[in-house]
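This note's numbering applies: residue 6 is where the sequence shown begins, and numbers increase by one.
Beta carbons: idealized from backbone N, C-alpha and C, even for Gly.
The next block holds one structure in the form of structure tokens; read it before the comments.
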Amino acid sequence: MVFNKFSSTAVAALALLSPFAEAAPTSFQLQKRALKFNYGGEKVRGVNLGGWFVLEPWITPSIFEAAPGNVVDEYTFCQTLGKSEAHNRLSNHWNTWITEDDFKQIQRAAPGSQNGFDNSGRLGAISWGQGDTVKQTHTALNKIRDDHASHPAVAAIELLNEPMGPVVGTGTVRQFYMDGWGDLENSNVAITIHDAFEGVTSWNDWGSGMWSLLLDTHHYEIFDSGSLQMSPAQHVSTACGFGSQMASNNKWTISGEWTGAQTDCAKWLNGRGKGARYDGTFPGSSYIGSCGGKYTGTVAGLSSDDKRNIQHFIEAQLDAFEKAQGWIFWTWKTEGAPEWDMQALLAGGLFPNPVTNRNRKQLRLAFRMSKD
């Protein structure tokens with residue numbers, strides 16, 4: 006579950022992170038319910054509360070450092086510590102990682118595994134889609150609908166976070182989305198689907214007759230060597246082009262995850278105990294540059310060049326994603342990943358506050374200088 010701030014409306018974008026099955030066709034009803042947020046008329050501007058209800062080693066490394074070395078995700082955390090101890094530690098984390106003060110700050114800042122990643126809760130093989138995993142997901146989705154969809158703060162529910170379409174199967178994902186839409190069609194929430202790593206423009210031929218659809222795409226320029234070798238100006242240009250693709254869609258589209266990072270240096274970003282492609286410490290990678298100050302550290306400790314590049318990259322992405330319906334930054338805070346920490350980036354002046362206060366003239370000048 007990830008809570009976000011959409012303009013003046015607090016939104017719970019509930020991304021199911023676990024386990025599908027029967028492919029029963031959905032019957033469409035010719036009725037709509039008014040949504041709680043004007044997606045076509047206002048921009049989505051929000052931040053994810055990452056690492057709160059699903060642990061990720063790079064966001065809260067201290068939780069993993071206090072556990073045995075075989076603990077690499079929330080599944081192995083619970084499996085290794087046992088039900089009682091895991092519950093005690095997780096309860097403390099849930100109660101302290103995000104507090105009422107965080108929500109107050111956010112309000113002032115900003116008017117088996119379905120993919121094999123640790124952010125799914127279980128690192129390793131992709132088993133979603135097998136056995137009764139799809140059925141379990143529908144059960145969880147319906148529970149979330151019944152408990153939360155009518156709440157005035159819940160403006161969107163995401164059916165499944167980051168399913169790996171090329172592995173799970175596009176047909177399986179699309180059928181689940183169709184059935185999941187049927188589960189939620191009579192709720193007055195935006196029914197949100199992830200692009201399933203099929204490409205942000207790949208869903209234009211799908212969804213005819215289905216209302217209240219919101220497409221979520223996650224834009225990162227750091228998880229392959231080609232992206233990591235780009236110059237700051239190329240990062241900006243790539244983001245601008247991606248925003249244009251988003252705007253070309255026939256569905257409301259947001260970038261539901263993105264970052265100020267232009268490296269994958271953050272400690273354990275690629276998994277507990279794994280290094281970075283950028284400095285050549287990730288298996289099979291070659292050195293591109295130093296991770297000094299970015300492996301772990303603070304925004305204040307970044308070099309002046311890094312600060313400038315991060316600031317320009319953030320502002321370029323804000324402009325790019327608002328060509329479409331908007332954005333939700335990943336993530337609100339971390340224990341020591343300065344390129345990813347919106348709370349710290351705001352305090353350091355690298356993230357505009359208010360978010361509409363962007364120095365476009367400075368951005369254009371920096372872009373031209375970087376190209377020269």
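Which same chain residues end up closer than 7 angstroms to residue i when comparing Cβ atoms and leaving out the 5 residues on each side of it in sequence?
i	result
T85	A72, P73, N75, V76
S207	D200
V107	Looking at the sequence provided, one finds Asp at residue 107 rather than Val. Excluding positions up to five away in sequence, the list reads W337.
W211	R179
L146	L21, L164, G185, D188
V241	H317, F318, A321, F372
A325	A244, C245, F247, G248
Give me, in chain order, the residues of the same chain whose beta-carbon lies closer than 8 angstroms to that of residue i; leave out the 5 immediate sequence neighbours on both sides.
i	result
L40	A160, N193, V194, A195, S217
A29	At A29, the pLDDT of 30 sits below 50, so the modelled position is not reliable; the number obtained from the coordinates is stated separately. Answer for A29: D184, listed in chain order.
R363	E320, L323, D324, P357
M169	Q119, N120, G121, I131, A201, F202
What's the call for residue i, buried or exposed, on a 16-neighbour Cβ count within 10 Å?
i	result
K272	buried
R38	exposed
D151	exposed
S260	buried
Q330	buried
Q234	exposed
E79	buried
N93	exposed
E90	exposed
P288	exposed
N191	exposed
F69	buried
D221	buried
F228	exposed
G297	exposed
Based on DSSP bridge pairs, tell me the residues matched to residue i.
i	result
E163	T197
I333	G51
Among the residues of its own chain, which have a CB less than 6 angstroms from the CB of residue i, if the five just before and after it don't count?
i	result
G278	none
E27	Low per-residue confidence applies at E27: pLDDT is 30, beneath 50, and the placement is therefore not dependable, though the value from the model is reported in the following sentence. No residues qualify anywhere along the chain.
F33	Residue confidence for F33 is low, a pLDDT of 35 falling below 50, so the modelled location carries little weight and cannot support an answer.
S291	G285
G45	none
Is the CB of residue i under 7 angstroms away from at least one CB in chain B?
i	result
D200	Given the protein chain composition of this structure (a single chain), no chain B is represented.
Would you grab the beta carbon distance between residue i and residue j for me? Rounded to a whole angstrom, and I think it's under 8 angstroms.
i	j	result
T65	W99	Their Cβ separation, rounded to whole angstroms, is 12 angstroms, which puts T65 and W99 out of contact at 8 angstroms.
E262	T243	In fact, because the Cβ distance is near 16 angstroms, the residues do not count as touching under 8 angstroms.
A266	W345	6 angstroms
Every unbroken beta strand (DSSP E) inside the region 261-330 [3 residues or more]: none
Could you pull out every unbroken beta strand (DSSP E) segment of at least 3 residues lying fully inside the region 128-195, listed in chain order? 161-163
At 4 residues or longer, and completely inside the region 205-270: list those alpha helix (DSSP H) runs for me, N to C. 230-233, 237-252
Please list the segments of the alpha helix (DSSP H) lying wholly inside the region 82-126, counting only runs of 4 or more residues, in order along the chain. 88-101, 105-114
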